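**Q** If you scroll down you'll find the structure; I have some questions about it.
Residue numbers (the numbering used here), protein chains in the order written: chain X, 11 to 314; chain Y, 11 to 314; chain L, 782 to 1030; chain P, 782 to 1030.
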């Protein structure tokens, strides 16, 4: 069978399929659906220094081939995550965990990153400079190359684990932001976070989601994500995790061809809780059908 | 019945539905499907100073709820358009025609705009600073507030007809570009042009469309378009024509609620040649059902 | 334990204005309490549609749903023999035993009525025959009043325009009733009114909430709400919350 | 005159490896020449699928299509009684009269074969019985060789692996044949080879092209090609071009 293994910063993954942050909680609850150890990794729910309820409801709206969300980083705060959530995950899962670190200022990113660095559970720190659903901070760091680089450098200085920066697509030139993060010491990149989108109720004329503009995801945004992964992989030398509308094994092959070392599956988990294991099962079959012997052999082939 | 009329720079439109440039040719061929005088207006095929074949094929790919295109401004050049295409349109159509002016430099924009200004057919000049499918010029003008303003000012100086600038969504802050165009004298704005997207063939690993990244449109991008129209209408005082994934009367109401004075229907024309007349027929019915008496009464209501 | 399976439509009939009853054949082992819901995948729509389960047996389940948008409008056009992909056994459902030995009332408003039906059956099986208060906008919207009566429940009907039963809201009918425990499902404003009135009467109960959901099984935090014991997810921690823990904004 | 209408599937059967014949009932008044095509809307896919018309009569039309992706794979699962939304009467089609009085050959490769069938019938009606050269990859891919023979045409079959007919390409079979006029439809490389070989023989003809299309009716310029007389759109100016006007890249 074709080889679907991959690596991220020297960490071996049995396959490239990772549920994206915010679509899989802290992982352990999904163990009631299937053995989550089949996953390539798990990106944990976005965590901040302090507990957050997030935004008022309605937080969700539907669009053509996608959805809007405005959860707004609901989480119990990093101490509670480490004390209460991660032990539950470790009990049922031994694979790669990726902590997702969100915040509203550089000190907070550093604080939360250090906590995850000191805990044993997560092997990669994913720093989210691209959350569109909070008023201050979040995306502001991801839309400026300088600010993204500053967060990267500050976190890198204080932690030992590999640091991956999760980038915003709501920019004129994502490759410029990616390069700035690489130069600031990022070990890898994750892209794309959600686009900014909106829906308005045609009868009432008011935005459907409480905060108006918010995160837009799903298969609808895949062409944008793939274009950006392609553009970033053209210029950086660090590993890229591709994310944005991935729902099938073919989608995985598109992103790996664009240069991604692994992928994250987001919205599709919400529609089909078995999306990830299905893709993992399909991937080697589809590769065999296409005459592809290993993921590694096709990584970035769209550029040649 | 509810009042679906609107105005653009003092020009009355029987309804707000305008086929978008590049999805309706020069209009007259569609007269074999239905009486195109039912339309609110027609945005003509993008026209450049000189004839262009455009990009090699394949120029088209499909995505979830949308499509990619890389036509690349194929057109016979402004002199041929005015001499050969516009007379054919005038023979079958007496409504509002909007010339779409594309180019690779400020002089070219001005040259082409002056030609359309001198001809009687088009009443509005839509200056496209946002074509993603050509290598130089095009989108480069639309991703910089300064460059967009420079094109606007240069064209405005030389023409009498209202000048609308068609904006690119591939920017960090579209409101900033919109404001720059307004300050430079734009009479109106059209947004959004296509997003930049890509598809890769999962078996061969090569981009499906000849030039790789290219224009992404269709219902998939509607939430992005609506968000941007909302953001722009919040800050400008000139009329905005909303475009991006519009396929139903409900979609029209979403964009008008966000502040649009009229809308353009793009990709949907390619899937359903009757898309525009269907929407025009549906619109007053849907408004009546929702208790909306006139489009004018709900313009921008999402902001209140 | 939640499950994913394919169900075959046996019947799909209108029973009131824009309200349909759909009987589905397929596995129901995942349903363990009245008040749970299913999440339905529809062709051409990205997110599933959550619908509460009205009743079920070993062979299938009954869903009662209202046309509220394009998705449910499409559901209403589906024919017997067509299939649907469901996530089932979602949500906590009502705790039947909590009402044991207490005079009990069920209060339903509009599409909040269906989950109370299997609840009524289970309460009766447990020896507790509840009174039932049903609220609708108008007579054409009324459904299941007779079905509850056939179970042996005393049914109090209220319509906003007075075209059937008492004119007014469920609370109009509820005001003069005596009960120690209640179960209620309906629009948020109704839940809040029932909660307040019952608190005056010293009655405790369980309230089933509606919220726009992303997944329906706890993954996305799309449907979070505040409670006395911190944030909860309507889809997995609810949709049923006790009168002690609910917080109204 | 192009039309938009709903058609009902009468039959949808495999006739070769991944190749299906679908008979549709519905209006065919928009079809005026062999070699025209229809553009089919499929549930869950944004763009239509262009498929050439193999044959038609007053009651309906026959389409032969190959599974080339997810859209055509879905088409292959459709059942008699289901309906399809078609744009029909698209493209210019072949000009039958151009071959009058000339020894004529039809050259088809793979899914380029179907439109030649109604062309053969019309040529025969006009008193011109063409010879037919059909090329496929392998014996399992062959279809319609017998159907052309039944019309009275002499059929030359070529397969790349030699498992049926001559081993080689259509040009292998065509090389030794004498003809003054040709009609051809198939992959671009085949069209180019047939064009070159025929030019050597002094034969003119008509070539039908394939291209990825946006709309199929001339609005989007997605399928433009170069010709001796300037840029043309494959969907409305073609798909059939004369041997004099074609340009190969």
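The beta carbon of each residue, even a glycine, is placed where N, CA and C say it ideally should be.
Computed from a predicted structure; not experimentally measured.
So what does residue 167/X bridge to, in DSSP terms?
**A** When beta bridges are read from the DSSP output, residue 167/X appears opposite no residue.
**Q** May I ask you to list the residues that DSSP assigns as paired with residue 764/P?
**A** With chain P running from 782 to 1030 in the structure shown, residue 764/P is simply not present.
**Q** Buried or exposed: where does residue 79/X fall if 16 or more other Cβ atoms within 10 Å of its Cβ makes it buried?
**A** buried
**Q** Let me check understanding here. Comparing Cα to Cα, which of 909/L, 804/L and 821/L lies closest to residue 934/L?
**A** Here the closest residue by C-alpha is 909/L.
**Q** Counting contacts by CB-CB distance shorter than 8 angstroms, is residue 237/Y in contact with chain X?
**A** Yes, residue 237/Y counts as interfacial toward chain X.
**Q** Relative to the alpha-carbon of residue 902/P, which residue among 1008/P, 1029/P, 887/P and 951/P has its alpha-carbon at the smallest distance?
**A** 887/P
**Q** Reducing DSSP to helix, strand and coil, say where residue 294/Y ends up.
**A** helix
**Q** Thinking C-beta only, is residue 27/Y closer than 8 angstroms to residue 266/Y?
**A** no
**Q** Taking residue 85/Y as the reference, which of 925/P, 856/P and 1000/P has the closest Cα?
**A** 1000/P
**Q** Kindly provide the ranges of any beta strand (DSSP E) runs that are 3 or more residues long and lie completely inside the region 913-972 of chain P, ordered along the chain.
**A** 936-940 and 962-966
**Q** Should residue 67/X and residue 1005/L be called a contact, given that it needs their Cβ atoms to be closer than 8 angstroms?
**A** yes
**Q** Thinking C-beta only, is residue 264/X closer than 8 angstroms to residue 209/Y?
**A** yes
**Q** What is the rounded straight-line gap between the Cα of residue 206/Y and the Cα of residue 231/Y?
**A** 11 angstroms
**Q** Using the rule of at least 16 other Cβ atoms within 10 Å of the residue's Cβ for burial, across every protein chain shown, is residue 192/X buried or exposed?
**A** buried
**Q** Reducing DSSP to helix, strand and coil, say where residue 218/X ends up.
**A** coil
**Q** Does the beta-carbon of residue 176/X have 16 or more other beta-carbons within 10 angstroms, so that it is buried, or is it exposed?
**A** buried
**Q** List, from N- to C-terminal side, the beta strand (DSSP E) runs of 3 residues or more that fit wholly inside the region 820-879 of chain L.
**A** 830-837, 841-847 and 864-871
**Q** State yes or no: is the beta carbon of residue 20/Y nearer than 8 angstroms to at least one beta carbon in chain P?
**A** Chain P, which has no Cβ nearer than 8 angstroms to the Cβ of residue 20/Y, makes this no.
**Q** The ligand ATP and residue 994/L: does any heavy atom of the ligand fall closer than 7 angstroms to the residue's C-beta?
**A** As for the ligand ATP, it is missing from this structure, which has no ligand bound.
**Q** Based on the DSSP output, what are the partners of residue 801/P in its beta bridges?
**A** 795/P and 846/P
**Q** Are the CB atoms of residue 136/X and residue 116/X within a distance shorter than 8 angstroms?
**A** no
**Q** Can you give the Cα-Cα distance for residue 119/Y and residue 165/Y, rounded to whole angstroms?
**A** 7 angstroms
**Q** Going by DSSP, which residues form a beta bridge with residue 304/Y?
**A** 13/Y
**Q** Residue 6/Y to residue 874/P, Cα distance in whole Å?
**A** Here chain Y has residues from 11 to 314 only, and residue 6/Y is not among them.
**Q** Tell me, to the nearest whole angstrom, how far the beta carbon of residue 786/P is from that of residue 808/P; I am working on the premise that it is less than 8 angstroms.
**A** 5 angstroms
**Q** Cα separation between residue 911/L and residue 844/L?
**A** Those two C-alpha atoms are separated by around 22 angstroms.
**Q** Just to check my reading of the structure: residue 962/P and residue 883/P have Cβ atoms closer than 8 angstroms, yes? What is that Cβ distance to the nearest angstrom?
**A** For residue 962/P against residue 883/P, the beta-carbon gap comes to about 4 angstroms, under 8 angstroms, which counts as contact.
**Q** Can you name the residues that DSSP bridges to residue 1023/L?
**A** 987/L
**Q** Since I believe residue 974/L is in contact with residue 950/L (beta carbons under 8 angstroms), could you give me their beta-carbon distance rounded to a whole number of angstroms?
**A** 7 angstroms
**Q** Taking only beta-carbon atoms, is residue 293/X less than 8 angstroms away from chain L?
**A** no
**Q** Could you work out which residue in 834/P, 923/P, 1028/P and 805/P is closest to residue 866/P when comparing CA atoms only?
**A** Nearest C-alpha to residue 866/P: 805/P.
**Q** Decide yes or no for the touch test of the region 180-196 of chain Y against the region 125-132 of chain Y: beta carbon pairs closer than 8 angstroms, at least 3 of them.
**A** no
**Q** Expressed to the nearest angstrom, what Euclidean distance is found between the alpha-carbon atoms of residue 13/X and residue 283/X?
**A** 25 angstroms
**Q** Since residue 820/P and residue 1003/P should fall inside the 8 angstroms C-beta cutoff, what is the C-beta to C-beta distance between them, to a whole number of angstroms?
**A** Wrong, their Cβ atoms sit about 12 angstroms apart, outside the cutoff.
**Q** Which residues, taken in chain order from the region 220-235 of chain Y, show a beta carbon closer than 7 angstroms to some beta carbon of chain X?
**A** 223, 226, 229, 230, 232, 233 and 234
**Q** Comparing the C-beta of residue 815/P with each C-beta of chain Y, is any distance below 8 angstroms?
**A** no
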